[in-house]
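Trainee: Take this structure first; my questions come after.
Protein chains: 2
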Amino acid sequence: MEERTEIATLGEFGLIDHLTRNFEIQNASTILGVGDDAAVLDHFGKQIVVTTDLLVEGIHFDLMYTPLKHLGYKAVMVNLSDVYAMNASPTQITMSIAISNRFSLEALNEFYEGVYLACEKHGVDLVGGDTSSSNKGFIISVTAIGEVVPEKLVKRSTAQKGDLICVSGDLGGAFLGLTLMEREKKIYLENPQLQPDLENEAYIVGRLLKPEARKEIIAFFDENNILPTSMMDVSDGISSEVLHLCRQSNLGCVIYEDKIPVADDSRKAAFKFGLDPTVCALNGGEDYELIFTLKQEDHDKITLNEEISVIGYMTGIEEGCKLYTKGGNRFDITAQGWNAFAKQG
Amino acid sequence: MEERTEIATLGEFGLIDHLTRNFEIQNASTILGVGDDAAVLDHFGKQIVVTTDLLVEGIHFDLMYTPLKHLGYKAVMVNLSDVYAMNASPTQITMSIAISNRFSLEALNEFYEGVYLACEKHGVDLVGGDTSSSNKGFIISVTAIGEVVPEKLVKRSTAQKGDLICVSGDLGGAFLGLTLMEREKKIYLENPQLQPDLENEAYIVGRLLKPEARKEIIAFFDENNILPTSMMDVSDGISSEVLHLCRQSNLGCVIYEDKIPVADDSRKAAFKFGLDPTVCALNGGEDYELIFTLKQEDHDKITLNEEISVIGYMTGIEEGCKLYTKGGNRFDITAQGWNAFAKQG
């Protein structure tokens, strides 16, 4: 009988590892392949970063509560976020879409309005793409290209023991926005007469529907002569991301629960939904903030920036990856989604 | 009432024009945006070309008769073909896929075997990508990157009046392979006991399932100091492609039916299916050959290459785009698929 291994047994990162492990680099211009936020190519002295994302309706977004303009904007932002996560500046994108005939030209115009707005805001050119049909649903593929001088490129694998772990902005908001939207969708489907109750929830809804790639953090690094020792963007929640930094840098870490930045509006929403704000911040995802490590002696350079929080530090690999809670407990950080994590608490 | 324009009223190219017409280039490094086989970026002196394709199961391929290894191979090839069409050399690709749980890890391994084989053959590195779920079907997004010295870049818009129109290889085979496979699929669905009859059809089946991007044609240009005046790859059939070259170069053309290269095996298959081989060659698509224009004085440089056929020449825009048939008739070249075209004959 033919062998059949379910893909779910590997997980996304296991799968990528599995599929790419035997592939040897052939071009001298390929500096960094699979395994970071973006690939790095050296074309004639300066380095080029390339990153790509595929977004599928029903998996990555729900058009029931995602306006098309926001979708176009977000599809660009999530890719620019990966470019900034290499400490690089985005310069071009390509955008391919496949759509079923349920979408009109007016709908597409709306989507592209969001695309163009995102491009304009970040000084990026849309240089190519492809438009085709799909039998069902909306499929979006974006590739972003950026540039960086080789000395400034920041990878995931280069953190050092003792480095501070920092994050930009605040966390958990996008997940709480998603929770709200899913709740309102359910209510609407049960009773279409009821209008959605989004009052006072503008912050978390905005975090979900209109994420902003952190261009100004990269600019701040540049202006203040700061070079993170490692960095990535926060798309799957910081517990997942910090495990990536540790694994790829061959280190452990300590994260302090009370240092994790959560906005007041997110905290209020979490309590309303009966969720732990820390768990939302750790495992929520889609915040598109930056998580990075910094030499301790650079600490003074960031203290005046209110957008940056120090949440912990890197340790030796033998010490594992630990969360110190407000109550004085220590837990292993896992990346299995907040349900699994909540069970440990 | 809300306005609703059906996308079908614009067609793919009309749609891309519509969506991108108001977008101004912001980066000095963007040399060429939407509208050619690939975008061109000038990063520090040498030029980089970028091209992307989105392939959707049920629209672009049918897994009933496309082995996964061939699919992986072809997904790469169609992108490399766009890079060669700029007279550039491919260096890297990214590959993103979304798959439903009906695919096992073994199935994915097969797909990636084809991807790696294509990369190896063309000296290209797989540098990134993304793997995610889909609710239904297999979705593939490939971005290919290549490089070229600025003096050698060949666009679509730079043909001159009097230039020769040339194509590589032979045409119509992939369309005939598709016709065969669709016929066998129908027979199989009606009576699953019947085995497919692909005997003697290896050539056209190969043209469909295992296209080869024309690396050696680009190498031949380089070795023989040939610089086409314009070029693109043949993915939609040469009547569509030649209209692109004419429109973008602001010219007309004459194509001679009896000069269009069709392989003997394709011709036989066409007669068997009751199709006109010329119509298959003109409007078939998926051949992934190169169509290019050449200064007349360069004619001697290509005569010894049996892989290159001269099929016509560029004229002034006022002369339109004409096909001269074997029977001495003259028709306007249209790109509405072979059915529409056949009606004119």
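Chains as they are written, first to last, in this note's numbering: chain X, 1 to 345; chain B, 1 to 345.
We treat Cβ as the ideally placed atom computed from N, Cα and C, and that holds for glycine.
1. Along the chain, where does the alpha helix (DSSP H) that runs through X/T278 open and close?
2. Give every residue of the same chain whose Cβ lies closer than 6 Å to the Cβ of X/L208, excluding the five residues on either side of it in the sequence, and list them in chain order.
3. Could you tell me whether the stretch 66–77 of chain X touches the stretch 192–211 of chain X, where touching means 3 or more Cβ pairs closer than 8 Å?
4. Please look up how many angstroms separate the CB atoms of X/S104 and B/E6, rounded, as I've assumed it's under 8 Å.
5. Please report the distance separating the alpha-carbon of X/H244 from that of B/D276.
6. Applying a beta-carbon distance threshold of less than 9 Å, which residues of chain X neighbour B/N135?
7. Rounded to whole angstroms, what is the Cα-Cα separation between X/D163 and X/Q47?
8. Just how far apart, CA to CA, sit X/V115 and X/Q92?
9. Classify B/E346 as buried or exposed, calling it buried when 16 or more other Cβ atoms lie within 10 Å of its own Cβ.
10. Since X/M181 is in the alpha helix (DSSP H), which residue starts that stretch and which ends it?
11. What are the uninterrupted segments assigned as alpha helix (DSSP H) that are 4 or more residues long and contained completely in the stretch 51–131 of chain X, given in chain order?
12. Any beta carbon from chain X within less than 8 Å of B/E182's own beta carbon?
13. Return no unless some Cβ of chain X is closer than 8 Å to the Cβ of B/A48.
14. For X/R330, I'd like the list of residues in its chain whose CB is within less than 8 Å of its CB, leaving aside the five on either flank, ordered along the chain.
15. Is the stretch 218–234 of chain X touching the stretch 293–302 of chain X, taking contact as three or more C-beta pairs under 8 Å?
16. Roughly how many angstroms separate the alpha carbons of B/Y112 and B/V50, rounded to a whole number?
17. Could you tell me how far apart the beta carbons of X/S168 and X/S249 are, in whole angstroms, since I believe they sit closer than 8 Å?
18. Unbroken beta strand (DSSP E) runs of length 3 or more, entirely within the stretch 190–244 of chain B: which are they?
19. Consider the C-beta atom of X/A270 and the heavy atoms of the ligand MG; say whether any pair is separated by less than 7 Å.
20. For X/H299, count the other beta carbons within 10 Å of its own beta carbon; 16 or more makes it buried, fewer makes it exposed. Which is it?
21. Between B/Y394 and B/D264, what straight-line distance do the alpha-carbon atoms span, to the nearest angstrom?
22. Can a CB atom of chain X be found closer than 8 Å to the CB of B/E286?
23. Less than 7 Å between C-beta atoms, sequence neighbours within five positions excluded: which residues of the same chain meet that for X/D332?
24. Can you give the beta carbon distance from X/E201 to X/L180, rounded, assuming they're within the 8 Å contact cut?
25. Could you check what DSSP says for X/R156 in three-state terms: helix, strand or coil?
26. Can you have a look at B/C3 and say buried or exposed, based on whether 16 or more other CB atoms are within 10 angstroms of its CB?
27. So who's on the other strand from X/R330, going by DSSP bridges?
28. Kindly indicate which three-state DSSP category X/T5 falls into: helix, strand or coil?
29. Buried or exposed: B/M77, going by 16 or more other Cβ atoms within 10 Å of its Cβ?
30. Tell me the rounded alpha-carbon separation between B/G274 and B/Y188.
31. How about B/M86 and B/L153: are their beta carbons less than 8 Å apart?
32. Please classify B/A335: is it buried, with 16 or more other beta-carbons within 10 angstroms of its beta-carbon, or exposed?
33. Any Cβ of chain B within less than 8 Å of the Cβ of X/R4?
34. Can you find a C-beta in chain X that's less than 8 Å from the C-beta of B/S104?
35. Which chain B residues sit within Cβ distance under 9 Å of X/T30?
36. For B/T66, would you say it is in contact with chain X, using Cβ-to-Cβ distances shorter than 8 Å as the test?
Mentor: The structure says:
1. 277–283
2. A174, G177, L178
3. yes
4. 7 Å
5. 58 Å
6. V56, E57, G58, I59, K136, G137
7. 26 Å
8. 12 Å
9. The displayed coordinates of chain B run from 1 to 345. Any statement about residue 346 of chain B would go beyond what the structure contains.
10. 173–190
11. 68–84, 105–121
12. no
13. The question names Ala, yet the displayed sequence has Ile at residue 48 of chain B. For B/I48, the answer is yes, since a Cβ of chain X falls inside 8 Å of its Cβ.
14. K322, L323, Y324
15. yes
16. 22 Å
17. Between X/S249 and X/S168 the Cβ distance is about 19 Å, and since that is not below 8 Å, they are no contact.
18. 230–234
19. With respect to small molecules bound, the structure shown includes none, and the ligand MG cannot be examined in it.
20. exposed
21. The structure shown does not extend to residue 394 of chain B, since chain B is modelled only from 1 through 345, so no value can be given for it.
22. no
23. G320, C321, K322
24. 6 Å
25. coil
26. Sequence check: residue 3 of chain B is Glu here, not Cys. Exposed: under 16 other Cβ atoms inside 10 Å.
27. X/Y324
28. coil
29. buried
30. 21 Å
31. yes
32. buried
33. yes
34. yes
35. T91, Q92, D125, V127
36. no
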